[in-house]
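K.L.:
Before anything else, here's the structure in question.
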């Protein structure tokens with residue numbers, strides 16, 4: 057119930073059971089449409105509470121190599137859409153299994169003598185572009201997980217490191233996405249990547265991940281549910297609870313909508329989508345007997 061008169065109890069509201077992103081994200085929202093405010097720039101906003109869950113993704117990656125890799129150029133590539141955040145990208149020499157915690161704000165200093173080649177004075181860091189002027193490639197290796205390089209929205213994206221002399225790499229570590237109230241969300245995370253080293257005059261894959269190989273929600277039917285009463289909102293995916301919130305303002309009747317809209321920031325519409333469709337097998341709702 058996003059429009060119309062104010063309800064006698066609670067607020068005008070919208071509950072999104074899933075605003076999903078292909079191939080592996082469940083995105084839930086609780087919107088308060090009564091308390092809309094107009095900012096100084098003229099844009100209207102309203103209170104909302106979001107939780108996104110990316111199945112098969114993670115915010116941190118530590119990738120040690122059994123056989124160290126020697127190169128002068130290394131890059132991360134991805135076709136993740138629409139854009140993603142690289143909070144910090146670290147490149148270490150071989151050091152057994154002794155590498156810092158990826159989330160440590162002092163990772164570059166945690167292990168004495170361990171060099172982070174991504175922050176070498178002679179490294180050149182480039183990218184295919186930026187999302188905005190505040191998120192430059194150098195922010196992916198500035199020692200801060202509060203800053204980031206954010207990729208452009210469309211096409212293949214890449215972040216590249218280059219040195220004037222060969223280095224030997226034993227481990228790559230990076231953090232992607234962003235945190236909300238201390239919790240890392242699925243937003244801004246990679247759903248696929250390749251890490252490539254330039255060896256023998258061509259790029260060679262040395263690590264890769266594609267979340268659709270782990271959790272492709274388009275490959276089969278899945279169920280999404282909401283248990284809603286005067287006290288709580290409980291969200292479910294395939295019968296398992298994924299979110300629980302106190303109900304503070306969703307107390308009035310509301311319609312149920314199924315939307316096939318593709319929001320503008322969900323990524324590009326490519327030719328391979330022609331002829332494809334989303335299928336809904338059934339929708340059921342139940343009311344607790346008094």
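In the working numbering, the protein residues as written are 57 to 346. For each residue, glycine too, the CB sits at the ideal point set by N, CA and C. Just so you know, these numbers come straight off a predicted model, no measurement behind them.
Pair every Cβ in the segment 204–217 with every Cβ in the segment 125–145, then say whether three or more of these pairs are closer than 8 Å.
P.N.:
Yes: the two stretches touch, three or more of their Cβ pairs being nearer than 8 Å.
K.L.:
How should residue 313 be labelled, buried or exposed, when 16 other C-beta atoms within 10 angstroms of its C-beta is the threshold for buried?
P.N.:
Looking at its Cβ environment, which holds fewer than 16 other Cβ atoms inside 10 Å, residue 313 is exposed.
K.L.:
Give me the residue from 265, 290, 157 and 95 with the minimum Cα distance to residue 250.
P.N.:
Selected option, being the one with the closest Cα: 265.
K.L.:
By how many angstroms is the C-alpha of residue 238 removed from the C-alpha of residue 78?
P.N.:
One C-alpha to the other measures close to 25 Å.
K.L.:
Whose CA, out of 99, 119 and 60, lies closest to the CA of residue 227?
P.N.:
Per the Cα distances, 119.
K.L.:
Can you give me the C-alpha to C-alpha distance between residue 100 and residue 87, rounded to a whole angstrom?
P.N.:
So the two alpha carbons sit approximately 14 Å from each other.
K.L.:
May I have a chain-ordered list of the beta strand (DSSP E) segments no shorter than 3 residues that lie completely inside the segment 199–234?
P.N.:
If we require 3 residues or more, the beta strand (DSSP E) runs fully inside the segment 199–234 come out as 213–232.
K.L.:
Along the beta strand (DSSP E) that carries residue 116, what are the first and last residues, could you check?
P.N.:
Counting along the chain, the beta strand (DSSP E) containing residue 116 begins and ends at 116–134.
K.L.:
Just to confirm the assignment: which complete alpha helix (DSSP H) runs, minimum length 4, are found wholly within the segment 254–322?
P.N.:
Segments of the alpha helix (DSSP H) lying fully in the segment 254–322: there are none.
K.L.:
Drop a sphere of 10 angstroms on the beta-carbon of residue 329, count the other beta-carbons inside from all chains shown, and report buried for 16 or more, exposed for fewer.
P.N.:
Exposed: under 16 other Cβ atoms inside 10 Å.
K.L.:
Just confirm the distance between the C-beta atoms of residue 280 and residue 223, as a whole number of angstroms; I'd bet it's less than 8 Å.
P.N.:
About 47 Å separates the two Cβ atoms, so there is no contact after all.
K.L.:
Quick check on residue 173: does DSSP put it in helix, strand or coil?
P.N.:
Helix, per DSSP.
K.L.:
If you draw a straight line from the C-alpha of residue 71 to the C-alpha of residue 154, how long is it?
P.N.:
Roughly 45 Å between the two C-alpha positions.
K.L.:
If you run the structure through DSSP and keep just helix, strand and coil, what is residue 96?
P.N.:
Coil at residue 96, not helix or strand.
K.L.:
When DSSP labels each residue in this structure, what does residue 165 get in the three-state scheme?
P.N.:
Of the three classes helix, strand and coil, the one that applies to residue 165 here is helix, per DSSP.
K.L.:
Are three or more beta carbon pairs between the segment 191–199 and the segment 163–181 nearer than 8 Å?
P.N.:
Result yes; three or more Cβ-Cβ pairs closer than 8 Å.
K.L.:
Which of the three DSSP states, helix, strand or coil, is assigned to residue 178?
P.N.:
Coil, per DSSP.
K.L.:
Classify residue 331: buried if its beta carbon has 16 or more other beta carbons within 10 angstroms, exposed otherwise.
P.N.:
Residue 331 is exposed by the Cβ-count criterion.
K.L.:
Count the C-beta pairs between the segment 298–309 and the segment 81–97 that are closer than 8 Å, then say yes if the count reaches three, no if not.
P.N.:
Yes: at least three Cβ pairs fall under 8 Å.
K.L.:
Evaluate the contact criterion for the segment 110–125 versus the segment 147–164: three or more CB pairs, one atom per stretch, below 8 Å.
P.N.:
Contact holds: three or more Cβ-Cβ distances are below 8 Å.
K.L.:
What number of angstroms, rounded off, separates the C-alpha of residue 69 from the C-alpha of residue 82?
P.N.:
Going by the C-alpha atoms only, they are around 20 Å apart.
K.L.:
Can you give me the Cβ contacts of residue 104 inside the same chain, cut-off strictly under 8 Å, excluding the 5 residues immediately before and after it?
P.N.:
Around residue 104: 85, 86, 87 and 88.
K.L.:
Rounded C-beta distance between residue 229 and residue 140? I'm assuming under 8 Å.
P.N.:
Wrong, their Cβ atoms sit about 16 Å apart, outside the cutoff.
K.L.:
In this structure, does DSSP put residue 194 in helix, strand or coil?
P.N.:
Correct three-state label for residue 194: helix.
K.L.:
Alpha carbon to alpha carbon, how far is residue 282 from residue 343? Give it in angstroms, no decimals.
P.N.:
Roughly 12 Å separates the two Cα atoms.
K.L.:
To the nearest whole angstrom, what separates the beta carbons of residue 248 and residue 267, a pair I think is in contact under 8 Å?
P.N.:
Between residue 267 and residue 248 the Cβ distance is about 6 Å, and since that is below 8 Å, they are a contact.
K.L.:
Once DSSP output is grouped into helix, strand and coil, what is the label at residue 154?
P.N.:
The answer is coil: DSSP assigns residue 154 none of H, G, I, E or B.
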